[in-house]
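This report refers to the structure that appears directly beneath it.
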Amino acid sequence: YIKHQNDTGTHSKLVYVYKKDADLTPYAISSLWLFIIPIALVINAFAFRKLIIFVVIAFLIFVYFNHSSGLNIGTFFESIFDGLKNLF
Numbered sequence: 001y002i003k004h005q006n007d008t009g010t011h012s013k014l015v016y017v018y019k020k021d022a023d024l025t026p027y028a029i030s031s032l033w034l035f036i037i038p039i040a041l042v043i044n045a046f047a048f049r050k051l052i053i054f055v056v057i058a059f060l061i062f063v064y065f066n067h068s069s070g071l072n073i074g075t076f077f078e079s080i081f082d083g084l085k086n087l088f
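So this is what it looks like as structure tokens:
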């Protein structure tokens, strides 16, 4: 998560950096995906009651992956709000 603040406002971008040998490759990730994936999982869980346990496990894996990659809960929500703010 890269964030820059200047006189014109706050600019942020979510980037995944893949390291292979001595090469670093950045991949830009849309902040909208951090909002869409959990919402889609919750909607599917309510649509199909048998999927509730699967969705809870998937959500915990999603949060763990983000946390282990350096994206803590506060930064997670901040990146979602910045992405939604930049969308409109």
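If you count by this note's numbering, then the sequence shown holds residues 1 to 88, one letter each, in order.
For each residue, glycine too, the CB sits at the ideal point set by N, CA and C.
Computed from a predicted model, the values in this text were never measured in an experiment.
For the pair leucine 41 and valine 55, the CB atoms are nearer than the 7 Å cut-off.
Residue environment: leucine 60 is assigned as exposed (fewer than 16 neighbouring CB atoms within 10 Å of its CB, all protein chains considered). DSSP places aspartate 82 in the helix class (H, G or I) of the three-state scheme. Sequence-distant Cβ neighbours of leucine 51 in its own chain, meaning closer than 7 Å and more than five residues away, are Asn44 and Ala45.
Less than 7 Å separates the beta-carbon of isoleucine 29 from that of tyrosine 16.
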